[in-house]
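Q: Residue numbers (our numbering): 132 to 381. Cβ coordinates follow ideal geometry from the N, Cα and C atoms, glycine included.
1) Looking at the secondary structure, which residues open and close the alpha helix (DSSP H) in which residue 278 lies?
2) Below 8 Å between beta carbons: does that hold for residue 262 and residue 247?
3) Of the choices 378, 138, 133, whose alpha-carbon is the least far from that of residue 337?
4) Could you pull out every residue in the same chain whose Cβ sits closer than 7 Å to the Cβ of residue 298, ignoring the five residues on either side in sequence?
5) Given residue 403, which residues of its chain have a CB within under 7 Å of its CB, disregarding the five upstream and five downstream residues?
6) Have a look at 195, 142, 176 and flag the residue whose alpha-carbon is nearest the alpha-carbon of residue 243.
7) Starting from residue 368, follow its DSSP beta bridges and name the residues at the other end.
8) Along the beta strand (DSSP E) that carries residue 147, what are the first and last residues, could you check?
9) If we count the other Cβ atoms within 10 Å of its Cβ and call it buried at 16 or more, is residue 289 buried or exposed?
10) Going by DSSP in three states, residue 137 sits in which element: helix, strand or coil?
11) Check each candidate in 335, 152, 214, 135 and name the one with the smallest Cα separation from residue 372.
12) Assign residue 224 to buried or exposed, taking buried as 16 or more other Cβ atoms, counted over all protein chains shown, within 10 Å of its Cβ.
13) Nearer than 7 Å: is that true of the beta carbon of residue 316 relative to any heavy atom of the ligand SAM?
14) Closest by CA to residue 350, which one among 325, 156, 309, 181?
Right, here's the structure in full:
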């Protein structure tokens, strides 16, 4: 069993919750980070092992340092960071406000960057430190109403590769998963018929369906696993072929 300490952001639902469950099943102690304490408590109650609930708003500048301070106070170590939390708003270009823009940058880029920075002394002390960032196929696709979400996810991939290069000397691995559309609240929020929305998204995927959170979580684990100790600076696309475009017409 793996006895490392992991931080998972956006752990109250979707891919974050699925990742927390899987890491816990492998033996890791998981610090669950998110805005909704009740959702985090519900996930913690499901875990096979020890959990630390850390309510936090990642849009706040102080949040990364506060999260690291709390986790170190509770566990004494940090070995794994999964930057999964995301801001996601579908709005036409002309309706996207400065506040909307700043929120996406704060949650999707600034928070992951400074969470790793705040945890750096602990990661350097770990014999098997790894960061896994969660991007999106939006980083490499060009869709209406997703300009800012896509650019912040592209920026997160840029952060991933640069940190992988810079932190390799410390034996800290930094990788990224790039999911396609999945059955998560991120893709069904603010719609009247979530099932219809998922069918619509699935129709755009060559393999014919959206992904499941557990499928993404498995790849997060593959990259975080000690057996992947020679893998860094990698972006893994898990999207049923979505990035290839819509299904071919026969």
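A: According to the structure data:
1) On the chain shown, position 147 is the one that residue 278 refers to. Element bounds for residue 278: 278-298.
2) As a first step, residue 262 is located in the chain shown; it is residue number 131 there, counting from the start. As a first step, residue 247 is located in the chain shown; it is residue number 116 there, counting from the start. Yes. Within cutoff.
3) Sequence index remark: in the chain shown, residue 337 carries index 206 (1-based). Nearest C-alpha to residue 337: 378.
4) Stepping through the chain shown from its first residue, residue 298 is reached at position 167. Hits under 7 Å: 305.
5) Residue 403 is absent from the structure shown; the chain starts at 132 and stops at 381.
6) Here residue 243 is taken as the residue at index 112 of the chain shown, counted from 1. Of the candidates 195, 142, 176, the one whose C-alpha sits nearest the C-alpha of residue 243 is 195.
7) Start at 1 with the first residue of the chain shown, and residue 368 comes out as number 237. DSSP output for residue 368 lists 309 as bridge partner(s).
8) For the purposes of this step, residue 147 is taken as the residue at position 16 of the chain shown. That residue, residue 147, is in no beta strand (DSSP E); its alpha helix (DSSP H) goes 145-156.
9) Taking the chain shown and counting its residues from 1, one reaches residue 289 at position 158. So residue 289 ends up on the exposed side.
10) What you label residue 137 is simply residue 6 of the chain shown in a count that begins at 1. If DSSP states are grouped into helix, strand and coil, residue 137 belongs with the strands.
11) The residue given as residue 372 occupies position 241 in the chain shown. Minimum Cα distance to residue 372 is reached at 335.
12) Taking the chain shown and counting its residues from 1, the one referred to as residue 224 is at position 93. Per the 10 Å Cβ criterion, exposed.
13) Among the ligands in the structure shown, none appear at all, so the ligand SAM cannot be discussed.
14) The residue labelled residue 350 in the question sits at position 219 within the chain shown. Minimum Cα distance to residue 350 is reached at 309.
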